[in-house]
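Letter 84 of the sequence shown, counting from 1, is numbered 153 in our numbering, and no numbers are missing.
Beta carbons are placed, not taken as given, at the ideal position from N, Cα and C, and that holds for glycine.
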Amino acid sequence: MRKLVVIASLGTVILAGASSTALAMHAKPGEWQVSMKMNMSGMPQIPPAQLAKMRAMGIHVPVGGDTLTVTHCMTPSEAAMDKIPAMSKEHQKYCTMQNLKTSADGMSADMVCTGKVQGGGHMQVRFDSPEHYAGKVSMTVNTNGHPMSSTSTFEATWLSADCTAGH
70 MRKLVVIASL GTVILAGASS TALAMHAKPG EWQVSMKMNM SGMPQIPPAQ
120 LAKMRAMGIH VPVGGDTLTV THCMTPSEAA MDKIPAMSKE HQKYCTMQNL
170 KTSADGMSAD MVCTGKVQGG GHMQVRFDSP EHYAGKVSMT VNTNGHPMSS
220 TSTFEATWLS ADCTAGH
């Protein structure tokens, strides 16, 4: 079950890291509010008692299309990057990013997963202004014989140049 949760969250993790770097070409450094909504199919349901324990520990697990909102402080060095950051070592075991394409108002990339996790996905980000972006990550994977698919949408708004809101 733990591996399924890790793999199912892969799209969201990639989304958070890749989107902040994708902003390098278009966004301001500072405090950002990022809202993400994930819809998954094929994911085993977490029993209500286990879900309650996780939430009591401060772990928010989006279920049934819940929206998760976080803040992220984009540093000037992050804003200056011109590539997608490396995935965590755990995710690099299974997946690689390929076909990165950038344009004046966005970016897209494919993810290919092999090994214990088979499948992949596609990510796209569109920039409205230096203070707003939105996008989508779609994934279909099979891990240990369990097929799963997810679609995550996200939207981010720049809050301020001062990174104090989330710290």
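Helix, strand or coil at residue i according to DSSP, with G and I counted as helix
i	result
residue 230	coil
residue 216	strand
residue 96	coil
residue 224	strand
residue 126	coil
residue 158	helix
Buried versus exposed call for residue i [16 or more other C-beta atoms within 10 Å across all chains shown]
i	result
residue 204	buried
residue 96	buried
residue 188	buried
residue 240	The question about residue 240 has no answer here: the residues shown for the chain are numbered 70 through 236.
residue 100	buried
residue 146	exposed
Same chain only: Cβ atoms within 8 Å of residue i, ignoring 5 sequence neighbours per side
i	result
residue 136	104, 105, 106
Bridge partner(s) assigned by DSSP for residue i
i	result
residue 170	177
Neighbourhood of residue i by C-beta distance below 7 Å, restricted to the same chain and skipping five residues each side
i	result
residue 144	98
Rounded distance between the beta-carbons of residue j and residue i, thought under 8 Å
i	j	result
residue 102	residue 225	7 Å
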